[in-house]
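Asks: Sharing a structure below in structure tokens format, with a few things to ask.
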Amino acid sequence: MPYFLYAVQPFAQLEQLGECPTFPEASRQAKALRAAQPAPGARRIRIVFADTPLAAEDLLLQVREAPPDGDD
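Residues 5 to 76 in our numbering are what the sequence shown lists, from first letter to last.
Right, here's the structure in full:
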């Protein structure tokens with residue numbers, strides 16, 4: 005399965021930026037894209053491991069719940 009790179013903008017707008025066969029390659033590309041952004045925080049660059057671009061977009065759009073508080 006490949007690693008997909010996406011730009012996530014407000015209101016869940018997704019833009020596929022690339023696809024890499026290995027994580028180290030995807031990580032290098034994501035770091036370069038983040039460094040090249042004109043304003044920090046303008047858009048988030050995310051790496052997703054999925055079978056297809058559609059599956060990757062589905063994973064990015066899922067709402068994740070916060071983990072429960074521990075017994076500290």
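Every residue, glycine too, gets a C-beta built ideally from N, C-alpha and C.
Do the CB positions of Tyr-7 and Ala-30 come within less than 9 Å of each other?
Replies: Reading the sequence shown from its first residue, position 3 is the one you call residue 7. Reading the sequence shown from its first residue, position 26 is the one you call residue 30. Taking 9 Å as the Cβ cut-off, Tyr-7 and Ala-30 qualify as a contacting pair.
Asks: Is the separation between the beta-carbon of Leu-9 and that of Ala-43 shorter than 9 Å?
Replies: In the sequence shown, residue 9 corresponds to position 5, counting from 1. In the sequence shown, residue 43 corresponds to position 39, counting from 1. Not a contact, by the Cβ cut-off of 9 Å.
Asks: In chain order, what residues of the same chain lie with their CB nearer than 6 Å to the CB of Arg-47, ignoring the 5 residues before and after it?
Replies: To locate residue 47, count along the sequence shown from 1; it is residue 43. Excluding residues within five positions, the ones whose Cβ falls inside 6 Å are Ala-11 and Gln-13.
Asks: Verify whether the separation of the beta carbon atoms of Met-5 and Asp-62 is less than 9 Å.
Replies: As a first step, residue 5 is located in the sequence shown; it is residue number 1 there, counting from the start. As a first step, residue 62 is located in the sequence shown; it is residue number 58 there, counting from the start. Contact flag unset, no.
Asks: What does a CB cutoff of less than 7 Å around Pro-57 pick up in its chain, not counting 5 residues either side in sequence?
Replies: Position 53 of the sequence shown holds residue 57. For Pro-57, where only same-chain residues beyond five positions count, the Cβ hits under 7 Å are Phe-8 and Gln-20.
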